[in-house]
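For reference, the structure is listed below as C-alpha cells.
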Amino acid sequence: MNAAAYTIIDLAAIKHNIQKIREYAPKAKIMAVIKANAYGHGSLRIASALNDIDALAVARLDEGIELRKAGHTIRIIVLGGFVGEQELDNLMRFNLDSVVHSLEQVAVFEHYKGQQNITVWLKLDTGMNRLGLKDLDFTLAYQRLVACSCINQPIALMTHLSNADDTKSDITLKQIALFKQTVKQYQGEKSIANSAGVIVWPDSLSDWVRPGIMLYGISPFNDKEGAELALKPVMSLHSRLIAVKHIAAGEAVGYAGSWVSEQKTRLGVVAIGYADGYPRQAKNGTPVLVNKQRVALLGRVSMDMITVDLSTQPQAKVGDSVILWGENLAIEEIARYSMTIPYTLLCGITARVAIKNTD
Ligand SMILES: *Cc1c(COP(=O)(O)O)cnc(C)c1O
Numbered sequence: 009m010n011a012a013a014y015t016i017i018d019l020a021a022i023k024h025n026i027q028k029i030r031e032y033a034p035k036a037k038i039m040a041v042i043k044a045n046a047y048g049h050g051s052l053r054i055a056s057a058l059n060d061i062d063a064l065a066v067a068r069l070d071e072g073i074e075l076r077k078a079g080h081t082i083r084i085i086v087l088g089g090f091v092g093e094q095e096l097d098n099l100m101r102f103n104l105d106s107v108v109h110s111l112e113q114v115a116v117f118e119h120y121k122g123q124q125n126i127t128v129w130l131k132l133d134t135g136m137n138r139l140g141l142k143d144l145d146f147t148l149a150y151q152r153l154v155a156c157s158c159i160n161q162p163i164a165l166m167t168h169l170s171n172a173d174d175t176k177s178d179i180t181l182k183q184i185a186l187f188k189q190t191v192k193q194y195q196g197e198k199s200i201a202n203s204a205g206v207i208v209w210p211d212s213l214s215d216w217v218r219p220g221i222m223l224y225g226i227s228p229f230n231d232k233e234g235a236e237l238a239l240k241p242v243m244s245l246h247s248r249l250i251a252v253k254h255i256a257a258g259e260a261v262g263y264a265g266s267w268v269s270e271q272k273t274r275l276g277v278v279a280i281g282y283a284d285g286y287p288r289q290a291k292n293g294t295p296v297l298v299n300k301q302r303v304a305l306l307g308r309v310s311m312d313m314i315t316v317d318l319s320t321q322p323q324a325k326v327g328d329s330v331i332l333w334g335e336n337l338a339i340e341e342i343a344r345y346s347m348t349i350p351y352t353l354l355c356g357i358t359a360r361v362a363i364k365n366t367d
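Adding 8 to a residue's 1-based position in the sequence shown gives its number in my numbering.
Here is the structure:
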C-alpha cells in the first residue's frame with residue numbers, strides 16, 4: 009500500500025549532480041549550499057551524502073550549529089553572517105566560517121576580547137544591493153579585518169550574482185569584472201558563482217563555486233529543465249488516491265466550484281494539498297502522474313487534497329500511486345503551472361511530509 013504524502017530523496021542523483029558540477033568547474037572547490045533544510049531535502053541527510061565535498065554553506069547560524077551537533081566536522085560557511093558578539097562567539101565555538109557583509113560586524117571583531125579564531129569571507133556588493141559592502145567601505149573593512157588578531161589570514165572574498173539566470177543580460181559580466189578588479193591585489197580565496205554561474209558564466213568560477221539548486225538536480229533557468237543540463241532530480245513527491253468517483257456533466261468540483269465538468273467525468277482524489285507544500289496556485293490542467301501516467305489537476309488545490317481527471321484511467325483505484333513531481337514529471341513544469349519557481353516548491357515541503365531515502 010502506498011503511504012500518504014512523502015518524498016523520496018535519491019542520494020545517487022545528488023552524487024551524479026556533484027559530478028556534473030565538477031565537470032563544469034574542474035578547478036574550483038565546491039561549497040555545497042544546503043541552507044533551508046537543504047532546499048527541503050533534509051540538511052542532515054544531504055550533508056551525510058556529501059562526505060567528499062570541500063565545504064557546506066548554510067544561511068543561518070542555527071543551521072550550522074545543527075550540523076555540528078549532528079557530528080559533521082566538515083568546513084561550514086554561514087552565508088548570512090551574524091549580528092552581535094554572542095552570535096560571533098557561537099560561530100567560533102562551533103568552528104563555523106562567517107560571511108562579513110557590514111561595518112557593524114567589523115566593529116564586533118574589533119571589540120572581541122576572547123581567545124578564539126574565525127575564518128571570514130568578506131562580501132563585496134557588486135550590484136545585488138542586498139548583503140555586502142561597496143567601494144571605500146569594502147576596502148576599509150578589509151584593512152580593519154586584517155588588523156584583527158581573531159581573524160584568520162588571508163581573508164576570503166566573495167560576491168553574489170543577481171542576474172546570473174538571465175543569459176542575455178550583461179549585468180553578470182559587469183558584476184564579475186567589478187569583483188575581480190576590486191579584489192585583485194588580495195591573496196585570499198575567492199568565490200562568485202551560484203548554480204547559474206557554474207553553468208553559463210565560466211568567468212565566475214574562481215577558487216570556490218557555491219551551487220545550490222543544481223545540487224538537487226533542478227535548473228536555475230526558467231526556460232530550461234534540469235534534464236537538459238544532464239542533471240538528475242533528487243526529490244520526488246508522492247502520494248496516493250484516496251477516493252475515485254464519477255460526477256455528472258455540469259457538476260462543480262472543490263472550493264468555490266472553480267472547475268465544472270462538461271461531461272460525465274471519472275474523478276480521483278489525491279492526498280496532497282497546500283499543507284504538504286503542493287502549490288495552491290497550481291492551475292487546472294497541471295500534470296499529475298497516476299500510476300505513472302499523466303492526468304490533469306482539476307479544480308482548486310485544498311489543504312489536504314487535490315482532485316484529478318481520471319477519464320484516461322478507467323482502472324485507477326483507491327490506494328494507487330501518485331507522483332506530484334520527480335523523475336518523469338519535472339518540478340520546473342509544476343512551477344510554471346503554479347506561476348512560481350522550483351526553489352519555492354522545494355523549500356515549501358512541510359513537516360508532515362515523511363522523507364524516505366532510496367538507499
Ligand atoms: C542560496 C545561495 C547560493 C546558491 O544559489 P543557487 O541559485 O541555488 O545555486 C549561492 N550563494 C549565496 C550567497 C546564496 O545565498
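Note that the Cβ used here is the ideal one computed from N, Cα and C, for glycine as well.
For S329, verify whether its CB is less than 6 Å away from any heavy atom of ligand 1. For the purposes of this step, residue 329 is taken as the residue at position 321 of the sequence shown. S329 Cβ: outside cutoff for every heavy atom of ligand 1.
Using only CA atoms, which one of P241, D60 and A12 lies nearest to R30? On the sequence shown, residue 30 is found 22 positions in, with the first residue counted as 1. The residue with the shortest Cα to Cα distance from R30 is D60.
When you compare only the Cα positions, how much space is there between R76 and S56? Along the sequence shown, one-based indexing puts residue 76 at 68. Along the sequence shown, one-based indexing puts residue 56 at 48. Going from the Cα of R76 to the Cα of S56 covers about 12 Å.
I'd like the list of long-range same chain contacts for W129, defined as Cβ closer than 6 Å, with 5 residues on each side in sequence excluded. For the purposes of this step, residue 129 is taken as the residue at position 121 of the sequence shown. Result list for W129: V107, A164 and M166, in chain order.
Helix, strand or coil, according to DSSP, for H301 in the structure here? Numbered from 1 along the sequence shown, position 293 holds the residue referred to as residue 301. Per the sequence shown, the amino acid found at residue 301 is Gln instead of His. If DSSP states are grouped into helix, strand and coil, Q301 belongs with the strands.
Beta bridge counterpart(s) of H246 as assigned by DSSP: Numbered from 1 along the sequence shown, position 238 holds the residue referred to as residue 246. DSSP, once it has assigned bridges, lists Y14 and I331 as partnering H246.
In whole angstroms, what is the alpha-carbon distance linking A13 and L213? As a working mapping, residue 13 is identified with position 5 in the sequence shown. As a working mapping, residue 213 is identified with position 205 in the sequence shown. If you take the alpha carbons of A13 and L213, they lie about 39 Å apart.
Kindly confirm or deny that the segment 287-297 and the segment 219-239 touch, where touching means at least three C-beta pairs closer than 8 Å. no
Quick one: complete alpha helix (DSSP H) runs, 4+ long, within the segment 200-224? 203-208
Within 6 Å: the Cβ of R30 and any heavy atom of ligand 1? The count along the sequence shown starts at 1 and reaches residue 30 at position 22. Result no, Cβ not under 6 Å from ligand 1.
For L181, which three-state DSSP category applies? Counting from 1 along the sequence shown, the entry for residue 181 is found at position 173. Helix.
Please determine whether the Cβ atom of N336 lies at a distance below 6 Å from any heavy atom of ligand 1. Translated into the one-based positions of the sequence shown, residue 336 becomes position 328. N336 Cβ: outside cutoff for every heavy atom of ligand 1.
Quiz: which residues have CB nearer than 7 Å to ligand 1 non-hydrogen atoms: V41, K43, A65, A67, L87, H168, N202, S203, A204, R218, P219, G220, I221, M222, P228 and Y351
Exposure label - E112; buried when at least 16 CB within 10 Å: Working through the sequence shown from its first residue, we reach residue 112 at position 104. Exposed, by the Cβ-count rule.
For S106, the residue or residues it bridges with in DSSP: Taking the first residue of the sequence shown as position 1, residue 106 is located at position 98. According to DSSP, which records beta bridges pairwise, S106 is partnered with V86 and V128.
Assuming D215 and A36 are in contact, meaning their beta carbons sit under 8 Å apart, how far apart are those beta carbons, in whole angstroms? Against the sequence shown, residue 215 aligns to sequence position 207. Against the sequence shown, residue 36 aligns to sequence position 28. Between A36 and D215 the Cβ distance is about 6 Å, and since that is below 8 Å, they are a contact.
Within 10 Å of its beta-carbon, does G327 have 16 or more other beta-carbons around it, so buried, or fewer, so exposed? Here residue 327 refers to the residue found at position 319 of the sequence shown. Counting Cβ neighbours within 10 Å, G327 comes out exposed, since fewer than 16 surround it.
Run of the alpha helix (DSSP H) containing A21, from where it starts to where it stops: Here the question's residue 21 lines up with position 13 in the sequence shown. It spans L19 to Y32 - the alpha helix (DSSP H) in which A21 sits, taken as one unbroken run.
Please classify P241 as buried or exposed, where buried requires at least 16 other C-beta atoms within 10 Å of its C-beta. Start at 1 with the first residue of the sequence shown, and residue 241 comes out as number 233. Buried, because 16 or more other Cβ atoms sit within 10 Å of the Cβ of P241.
Please list, in chain order, all residues of the same chain as E74 whose beta carbon is under 8 Å from its beta carbon, the five residues on each side excluded. As a first step, residue 74 is located in the sequence shown; it is residue number 66 there, counting from the start. Hits under 8 Å: S51 and L52.
Taking all protein chains shown into account, do 16 or more other C-beta atoms lie within 10 angstroms of the C-beta of L144, making it buried, or fewer, making it exposed? Sequence index remark: in the sequence shown, residue 144 carries index 136 (1-based). Burial call: exposed.
If we count Cβ pairs, one from each stretch, closer than 8 Å, do we get three or more for the segment 307-322 versus the segment 269-278? yes
Measuring alpha carbon to alpha carbon, tell me which residue in I16, A11 and N25 is nearest E236. Here the question's residue 236 lines up with position 228 in the sequence shown. Checking every option, the nearest Cα to that of E236 belongs to N25.
When burial is assigned at 16 or more other CB atoms within 10 Å of the CB, is E270 buried or exposed? As a position in the sequence shown, residue 270 is number 262, starting the count at 1. E270 should be labelled exposed.
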